[in-house]
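Visitor: Protein sequences, first through last, are from chains A and B.
Residue 1 is where the first sequence starts when you use my numbering, and the numbers rise one by one after that.
Residue 1 is where the second sequence starts when you use my numbering, and the numbers rise one by one after that.
Positions of the beta carbon are idealized from the N, C-alpha and C atoms, including for glycine.
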Amino acid sequence: MRLLTLTLLALWGTTLSAAEPDVDPDTGLRSWQTDQAGIQVRLTQISSDQARAFYLARGFSAAATERYVAECVFMTVVRNIGDTPIQHRMADWRYVMSGLSPQTIRSKTGWDQIWKKLGEKESARIAFTWAQFPTTQIFAPGDWNQGMTTYNVPRDQPFNLKFVWRADGKTHTGLIEDVRCSNE
Amino acid sequence: MNRLKRWAGQVVVLGLLSGLSVAGVAVDLPPLSHSLTKLTPKPAPALMLNDMKGVAHDLSQLKGRVVLINFWATWCPPCRREMPSMERLTQQLKGEAFSVLAVNVGESVNDIELFTSQLDADLSFPILLDRSSQSMQAWKISGLPTTYLVDKKGRVVAGAIGGREFDHPDVVRAIRTVLKQ
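1. State the Cα-Cα distance for the pair Lys-180 of chain B and Phe-163 of chain A, rounded to the nearest angstrom.
2. On the three-state DSSP scale, how would you describe Val-171 of chain B?
3. I need the straight-line Cα distance from Cys-72 of chain A to Ser-101 of chain A, nearest angstrom please.
4. Let me confirm a value: Gln-157 of chain A is counted as buried when at least 16 other C-beta atoms fall within 10 Å, else exposed. Which label applies?
5. Check the Cβ of Pro-134 of chain A against every Cβ in chain B and list those closer than 8 Å, keeping chain order.
6. Suppose only complete runs of 3+ residues qualify. What are the beta strand (DSSP E) ranges in the region 129-167 of chain B, listed by chain order?
7. What is the rounded straight-line gap between the Cα of Leu-129 of chain B and the Cα of Ser-85 of chain B?
8. Against Gln-137 of chain A, what residues of chain B qualify as contacts under a CB-to-CB distance less than 7 Å, listed in chain order?
9. Going by DSSP, what residue range makes up the alpha helix (DSSP H) through Met-97 of chain A?
10. With a CB to CB cut of under 6 Å and the five nearest residues on each side skipped, what residues in its chain are close to Cys-181 of chain A?
11. Mind listing the chain B neighbours of Val-77 of chain A? Cutoff is C-beta to C-beta under 8 Å, in chain order.
12. Counting only Cβ pairs nearer than 8 Å, list the residues of chain B close to Asp-168 of chain A.
13. Please list the terminal residues of the continuous alpha helix (DSSP H) segment that includes His-78 of chain B.
14. Hey, Ala-160 of chain B and Thr-147 of chain B are a contact pair by Cβ (cut 8 Å); roughly how many whole angstroms apart?
15. Please look up how many angstroms separate the CB atoms of Gly-154 of chain B and Arg-81 of chain B, rounded, as I've assumed it's under 8 Å.
16. Please list, in chain order, all residues of the same chain as Thr-65 of chain A whose beta carbon is under 8 Å from its beta carbon, the five residues on each side excluded.
17. From this set, A:Leu-161, A:Trp-165 and A:Thr-171, which residue's C-alpha is nearest Glu-177 of chain A's C-alpha?
18. Under the three-state reduction of DSSP, which class applies to Asn-110 of chain B: helix, strand or coil?
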């Protein structure tokens, strides 16, 4: 009974989204999208080869590129589809694999520390920073943005993403379930 | 050859990142918006940068004109998609006290030309180079693309985060309203 209560409490205020992903017929890459309470969040798989090509073209070393693609990379789009401003803060988002505790998404700053240790060029690091999904932003109605987010999960392991935003002075949460990395 | 390889790589990757298939067929691209958000007028931060020909541009010298300032990069899919509409907007408002400045973050002239050469129309507005992304910090920009509208008094009066269809009637109307002030 206590477990049931705790579970219900944990789900309270969280909108579930277990929709089937869209599949790109040409690439086979999948997208998960949820629209709710004035926000749209979409995750699209980016394959290791795509991420590798992108960062090598930005001037990253092979070592840094391999470090990055060792994690699961998603193109992330957030859009204000409502009529009041919304604010997201990536530090509040969590991803959860079954049976494990929630994880935070590695920040741009966290990645930049790794790039500095690897001696990556400043121009490559600048491009990297702007290619990631912004750490925090306020979106007026109609505003949107896209950028990459990374998840340190095994490729064959599904995870849930809990996203958080503020609107009208309140904090809201949503969930995209059963997200999976690209196969390679 | 290296340049060709880089170009080919960029086309494939940018296509995929923006929701295009390898074959170039549009698959569920995030739509471009067509709104500008009114902001409480504030003096615009300084903006002094060189364009691709080495000519210096200073926003403070454009007082008396309405200026659309767009922060972008060639590897940013919505930035690429909205760029032609900025040129159409420029043509639509030709002869009026209106200017566009496109501030590129961190890229070389070669990389930018590689992109602009693929566009159907030549861009008539200057592309300014912010190699160290200093202006982005001064303007407190969190993501690309971000666009601001500066009025004739040099105040930021409207903004847009994310890709826009700049020649959409809603955007043109908003700019004309500021032009009349």
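Guide: In short, the structure shows the following:
1. 42 Å
2. helix
3. 18 Å
4. exposed
5. Ser-142 and Gly-143
6. 146-150 and 155-161
7. 20 Å
8. Ser-142, Gly-143 and Ile-161
9. Unbroken run through Met-97 of chain A is the beta strand (DSSP E), 94-97; no alpha helix (DSSP H).
10. Cys-72 and Arg-155
11. Pro-30
12. Those do not exist, as Asp-168 of chain A stays about 17 Å from chain B at its closest Cβ, beyond 8 Å.
13. According to the sequence displayed, residue 78 of chain B carries Pro and not His. Counting along the chain, the alpha helix (DSSP H) containing Pro-78 of chain B begins and ends at 77-92.
14. 5 Å
15. Gly-154 of chain B to Arg-81 of chain B, Cβ: 29 Å. No contact.
16. Ala-51, Arg-52, Tyr-55 and Leu-56
17. A:Leu-161
18. helix
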